[in-house]
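In our numbering, the protein residues as written are 314 to 391. C-beta: ideal position from N, C-alpha, C; glycine also. I have placed the structure first, in the form of structure tokens, so that the comments after it can refer back to it.
Below, the structure is given as structure tokens:
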């Protein structure tokens with residue numbers, strides 16, 4: 314169950330990274346309902362910090378999900 318959750322979160326973050334790279338703008342979500350849009354040309358530092366943060370979250374969530382799934386499968390057969 315946790316593996317599916319982490320894989321879904323990883324897929325969501327990878328989607329956000331893909332959309333941010335292809336559209337050259339990325340949505341930065343703040344506390345509450347605040348959503349900011351950073352464009353690569355007008356705000357490059359905020360864009361790349363947000364982009365790299367989402368990429369790190371995507372990679373770590375996916376790695377945790379895969380490791381949990383592998384662990385669950387290896388314990389299931391024993």
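In the three-state scheme derived from DSSP, where H, G and I count as helix and E and B as strand, residue 342 is classed as strand. The secondary-structure analysis by DSSP pairs residue 349 across a beta bridge with 341. A direct Cα-to-Cα measurement between residue 351 and residue 337 gives close to 9 Å. Between the segment 375 to 385 and the segment 328 to 343 there are fewer than three C-beta pairs closer than 8 Å, too few to call the two in contact. The criterion of a C-beta distance shorter than 8 Å is not satisfied by residue 325 and residue 378. With 16 or more other CB atoms across the displayed protein chains lying within 10 angstroms of its CB, residue 330 is buried.
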